[in-house]
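Peer 1:
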C-alpha cells in the first residue's frame, strides 16, 4: 500500500513537471513568434521605404535630365541670344505623380554675385570680353548690393573681409576679417578653408553672419568655380532681382530705376547686351566702359533644383551646370538628400 502511494505521488509530480515544461515551451515559442513577426514587419517597412526612396531618386533624375534637355535646346551653339520667354524661365513647376508630387526649378546661375570672385585672381582682368568683373569691381558690387539690401554699414566691410580670409590661401587677416586664430576658438575648433567656397552655406560659419543676415543676402549670392563675377544676363534678370543691376552700377542706379529698366526691356529682349546702355536711365550714369563686359544675353551657369515627395519620403536634388559656347552642358556639382 505504501509503495503504491509513493508511486502515485511520483507520477503526479512528473505530470506537473511535464505540464510546466509544456507551458514554458509554449511561452518561449510565442516570444520567438512575436519577435519574428516584428522583424518581418520591420523588414517589410524598410523594404517599402527603400523602394520609395529609389523611386523618388529616379523621378528626380528624370526631372534633372528633362531640365538639362530644355537648357540644351535653349543654349544650342547657333543661338547667341537667350530671350525673356525661355521655357526654363517660367519659375518653379509642379507635377502630380502617383503617390505624391514633383517640383522642379531652373535658375539663371549668372544672375547672382559669385562670392568666390571677392578673392579672385589677384585683381586680374576677366579671361575674355563679356566674361564678367574682376576682383576689385566685384568687391564694389558686393558692397553696393549689401547696402541696397539694408545691411548695416558696420557689417558690410567685416563680411567682405571674412569671406576673403576664408577663401584666400594666405594667413594674413584682413581688417575686420577672421583667420585660423579666430576659428580655433570655436567649439568644435576649425580652420579657415583657404580655398574657394564649394557651397554657399559655408557663409554660415563666418563670425559676422547671423541667421537673419544669411536669409537676407543668400538669395542674391552664389558660388561658382570661376574666380571672376559672371556677367548678368540682361534678358533673363527678373524685376525682383533689380537690386543686382543696381549694385552693378555701384548703387548709382536706384533699385526702383533698375526695376523700371527691366520692365521696359523689349518684349523679345535685347539682341546685344550693350543695348542696355542705351536706356536713358543707364546712359545718364555715363558708366565705365568696362561694365559692358559685365552683362550678357547668353547665360553660362544654371542651377537645377528638384524636390520629390512620395508617400512619407522626401527627396531633393540640386545641380550646378555650365553651358559652354559650343552648346554642351557640363555638370560641376550635384547634391542629393532624402528624408523619411
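In full-length UniProt numbering, the protein residues as written are 1 to 340. From the three backbone atoms N, C-alpha and C, an ideal C-beta is built for every residue, glycine too. Keep in mind that this is a model prediction, so the values were computed, not measured.
1) Of the choices 21, 23, 26 and 67, whose alpha-carbon is the least far from that of residue 318?
2) Mapping the DSSP letters down to three states, classify residue 71 as helix, strand or coil.
3) Mind checking whether the beta-carbon of residue 103 lies closer than 8 Å to any heavy atom of the ligand ATP?
4) Do residue 132 and residue 230 have their beta-carbon atoms positioned less than 9 Å apart in this structure?
5) Between the C-alpha atoms of residue 268 and residue 310, what's the straight-line distance to the nearest angstrom?
6) Give the single residue among 63, 280 and 70 whose Cα lies nearest to the Cα of residue 264.
7) Flag this pair as touching only if the segment 86-100 and the segment 322-338 have three or more C-beta atom pairs under 8 Å; answer yes or no.
8) Which residues in the same chain as residue 214 place their Cβ atom closer than 7 Å to its Cβ, once the five residues preceding and following it in sequence are excluded?
9) With C-beta atoms as the reference, is residue 119 less than 9 Å away from residue 135?
10) Taking the alpha carbon of residue 312 as the point to measure from, which residue in 56, 191, 29 and 233 has its own alpha carbon closest?
11) Short of 6 Å in beta carbon distance, which residues of its chain neighbour residue 77, apart from the five on each side in sequence? Order them along the chain.
12) May I ask you to report which of helix, strand or coil DSSP gives residue 64?
13) Quick one: grab the DSSP three-state call for residue 172.
14) Are residue 159 and residue 209 close, meaning C-beta to C-beta below 9 Å?
15) List the whole-angstrom C-beta distance separating residue 102 from residue 63, where the pair is believed to meet the contact cut-off of C-beta under 8 Å.
16) Candidates 299, 175 and 167: which alpha carbon is nearest residue 157's?
17) Taking the alpha carbon of residue 275 as the reference point, which residue from 32, 295 and 35 has its own alpha carbon closest?
18) Compare the C-alpha of residue 329 against each of 277, 242, 65 and 148 and name the closest.
Peer 2: Once the coordinates are examined:
1) Against the chain shown, residue 318 aligns to sequence position 318. Nearest in C-alpha terms to residue 318, of all of 21, 23, 26 and 67, is 67.
2) Stepping through the chain shown from its first residue, residue 71 is reached at position 71. Looking at residue 71 - three-state DSSP - the assignment turns out to be helix.
3) This structure simply doesn't include the ligand ATP, nor any ligand for that matter.
4) As a working mapping, residue 230 is identified with position 230 in the chain shown. As a working mapping, residue 132 is identified with position 132 in the chain shown. With contacts defined by Cβ atoms closer than 9 Å, residue 230 and residue 132 form a contacting pair.
5) On the chain shown, residue 268 is found 268 positions in, with the first residue counted as 1. On the chain shown, residue 310 is found 310 positions in, with the first residue counted as 1. Looking at the backbone, the Cα of residue 268 and that of residue 310 are separated by about 39 Å.
6) Mapped onto the chain shown, residue 264 falls at position 264. It is 280.
7) Pairwise C-beta distances place the segment 86-100 out of contact with the segment 322-338, as fewer than three of them are shorter than 8 Å.
8) For this step, residue 214 is matched to residue 214 along the chain shown. The beta carbon of residue 214 sits closer than 7 Å to the beta carbons of 203 and 204 from its chain, once the five residues preceding and following it are set aside; these are given in chain order.
9) The residue labelled residue 119 in the question sits at position 119 within the chain shown. The residue labelled residue 135 in the question sits at position 135 within the chain shown. Yes, they are a contact pair.
10) As a working mapping, residue 312 is identified with position 312 in the chain shown. Restricting attention to 56, 191, 29 and 233, the CA atom closest to the CA of residue 312 is found in 56.
11) What you label residue 77 is simply residue 77 of the chain shown in a count that begins at 1. Excluding sequence neighbours, residue 77 sits near 326 and 327.
12) Locating residue 64 in the chain shown gives position 64, where the first residue counts as 1. If DSSP states are grouped into helix, strand and coil, residue 64 belongs with the helices.
13) As a first step, residue 172 is located in the chain shown; it is residue number 172 there, counting from the start. Under the three-state reduction of DSSP, residue 172 is assigned to coil, being neither helix nor strand.
14) Within the chain shown, numbered from 1, the residue matching residue 159 stands at position 159. Within the chain shown, numbered from 1, the residue matching residue 209 stands at position 209. Yes, the pair counts as a contact, with Cβ atoms nearer than the cut-off.
15) By 1-based counting over the chain shown, the position of residue 102 is 102. By 1-based counting over the chain shown, the position of residue 63 is 63. With a contact defined as Cβ atoms closer than 8 Å, residue 102 and residue 63 qualify at about 6 Å.
16) Your numbering for residue 157 matches position 157 in the chain shown. Of the listed residues, the one whose Cα sits closest to residue 157 is 175.
17) To locate residue 275, count along the chain shown from 1; it is residue 275. Looking at the Cα atoms, 295 is the closest of the given residues.
18) Along the chain shown, read from residue 1 onward, the residue named residue 329 stands at position 329. For the residues 277, 242, 65 and 148, the minimum Cα distance to residue 329 belongs to 65.
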